[in-house]
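Going letter by letter, the sequence shown gives residues 13 to 87 in my numbering.
Heads up, the thing below is written out as structure tokens.
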Amino acid sequence: MTKEEYEQWLHNPLTKMFHQYLIDYRQVLMERWANGQIPEDGTNGNAYMIGQAQCLHDLVGLEPEEISAFYKEFR
13 MTKEEYEQWL HNPLTKMFHQ YLIDYRQVLM ERWANGQIPE DGTNGNAYMI GQAQCLHDLV
73 GLEPEEISAF YKEFR
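Written out as structure tokens, the structure reads:
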């Protein structure tokens, strides 16, 4: 993917909507966590919630260089 293709994708209305969804979902997740609504499935609920929030944050901020570096490293 070229830098130009990435920029087109990034500014696509559907991509913008998806990014906003990730941001909003993360906010709801953090609010639920703050209210004590964490999973009771035998896992460490705090670690799970932190991991979920961090993953959503990372996805929203993903840069094209990170994608390129991943594929260079594992190919």
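Heads up, the beta-carbon is just placed ideally off N, CA and C, and yes, glycines get one too.
Going by beta carbon distance, what residues of the same chain come within less than 7 Å of residue i, once the five residues before and after it are set aside?
i, result
"Ile35", "Val72"
"Thr14", "none"
If you draw a straight line from the C-alpha of residue i to the C-alpha of residue j, how long is it?
i, j, result
"Ile50", "Leu26", "30 Å"
"Glu52", "Met29", "31 Å"
"Pro76", "Phe86", "16 Å"
"Ile79", "Cys67", "15 Å"
"His31", "His69", "10 Å"
"Gly48", "Gly63", "16 Å"
According to the neighbour-count rule (16 or more other Cβ atoms, all chains shown, within 10 Å of its Cβ), is residue i buried or exposed?
i, result
"Leu74", "exposed"
"Met61", "buried"
Looking only at its own chain, which residues have a Cβ that is under 8 Å from the Cβ of residue i, when we skip the five neighbours before and after it?
i, result
"Phe82", "none"
"Ala65", "Arg38, Leu41, Met42, Trp45"
Keeping to the same chain, check which residues put their C-beta closer than 6 Å to that of residue i; ignore five residues upstream and five downstream.
i, result
"Gly57", "Ile50, Pro51"
"Glu16", "none"
* Asked: Are there three or more Cβ pairs, one per stretch, closer than 8 Å when the region 38-45 is compared with the region 15-25?
  -> no
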